[in-house]
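Remarks on the structure that follows.
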Amino acid sequence: MPDQLSLYIVGHVESRRVAEQVLQPLYQLPTLRNSGICLGPSSHPYRDELQDLAATAVKRLTCKAVLALPQTFPFLSLPRELQLQILADTPLVQDACICIQDGRLSRHGLTHSSMADLVTDIVFSQNAFGIYTWNPSLGWFDQGNLGGMHSFLAGLPSHALGRIRQLTIWLPPIDTISLPYNHPDWPLWLASVQLLATRATLSGLALTIQIGNYRAKRERLARKEHFTPQDQSQILRAYEEDIVYPLMQLQGLKLLFLYVPCPFGRGNEEARVQVERRLEQVVMGADYNAYRMGKPPPNTYTRPFLFDEWQ
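Under full-length UniProt numbering, the letters of the sequence shown match residues 1 to 311, in that order.
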């Protein structure tokens with residue numbers, strides 16, 4: 001029956017030729033009551049051509065002048081699942097990790113009340129987040145900003161924190177001088193883990209913890225790249241007791257990837273792997289093997305996690 005169906009199509013086509021192939025089958029439909037077609041974002045290199053094709057198609061499908069159609073797309077009347085699919089194809093979803101510094105999320109203001117819940121869902125569920133608590137370019141002059149980490153997590157609405165699926169936290173370096181008990185803000189690490197334990201959806205969360213390392217040559221010399229056996233034991237105990245034991249609150253965590261500078265020396269790769277595995281198993285269980293679960297090698301772990309990898 002003509003004039004019964006309203007049809008709205010949203011897509012992102014590559015070229016005019018593809019657009020024509022998409023539109024051609026629609027002309028076999030009976031006359032539509034209403035229609036709207038979007039073939040690409042406003043930044044598309046062929047935007048004008050695609051808009052002309054879409055306008056022509058709508059006119060043919062509805063037998064109405066395009067100007068007579070509503071000037072605003074009835075987005076909020078669409079099914080929620082379709083709304084989320086549309087928003088997922090916008091700049092709300094970043095190709096790179098969204099990095100948090102000084103406890104502030106500088107982008108993605110959630111201001112439109114009717115869209116806030118939708119935008120929150122997309123931003124926090126389909127982006128990878130990284131929280132920097134230490135600036136490696138400043139080296140030992142930066143004592144860390146654990147307060148910024150805690151203020152960011154505490155400032156998020158519970159439903160937003162509950163939607164985060166990929167989170168990386170960069171912690172300050174730990175050596176014999178900067179052990180956690182010497183850091184005045186270290187209780188905020190414990191408080192941050194508690195926030196994750198109570199507000200995050202642990203069964204869907206992939207958590208990465210990276211402990212910083214002093215890399216500048218003068219800092220390696222000053223901080224002793226090769227530690228004494230006593231130093232090594234002290235640092236490893238700090239990793240376990242101060243970093244990892246609090247994470248045991250996160251029972252049911254989907255994935256945990258730990259990256260630590262090995263105090264046995266930079267060339268001892270096997271020792272580093274064993275240390276990380278043992279620490280991960282403290283939280284995840286004796287059978288947990290992070291590399292079998294897709295843990296990236298140390299030199300590439302900061303690459304953005306792709307949304308589809310964690311389905």
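All residues carry an ideal CB built from backbone N, CA and C; glycine is no exception. A quick note: this is a predicted structure, and the numbers were derived from the prediction, not measured.
Close CB contacts of N213 within its chain, under the 7 Å cut and outside five residues either way in sequence, are with P173, P261 (chain order).
Taking C-beta atoms as the reference points, L258 and A238 fail to come closer than 9 Å.
Annotation for L7: no alpha helix (DSSP H) segment contains it, though the beta strand (DSSP E) segment containing it runs 6-10. Exclusion of the five residues before and after G11 leaves V22, C38, L39, G40 as the residues of its chain whose Cβ lies within less than 8 Å of its Cβ.
The beta-carbon separation of R199 and L247, rounded to 15 Å, does not stay under the 8 Å limit for a contact. With respect to L153, T133 sits apart: the two C-beta atoms are not nearer than 9 Å. Assignment of L250 by DSSP, reduced to helix, strand and coil, places it in the coil class.
Contact check for Q166 and L118: beta-carbon distance about 20 Å, past the 8 Å limit, so the pair fails to qualify. Collapsing the DSSP output to three states places A88 in coil. With contacts defined as CB atoms closer than 9 Å, D242 and W170 fail to qualify as a contacting pair. Rounded to whole angstroms, D52 and C99 show a C-alpha spacing of 39 Å. Excluding residues up to 5 positions away in sequence, T31, R33 lie with their Cβ nearer than 7 Å to the Cβ of D3 in the same chain. Assignment of W134 by DSSP, reduced to helix, strand and coil, places it in the coil class. Counting only residues of its own chain and dropping the five nearest sequence neighbours on each side, P297 has no CB closer than 6 Å to any other CB. The C-alpha of Q251 lies about 15 Å from the C-alpha of S192.
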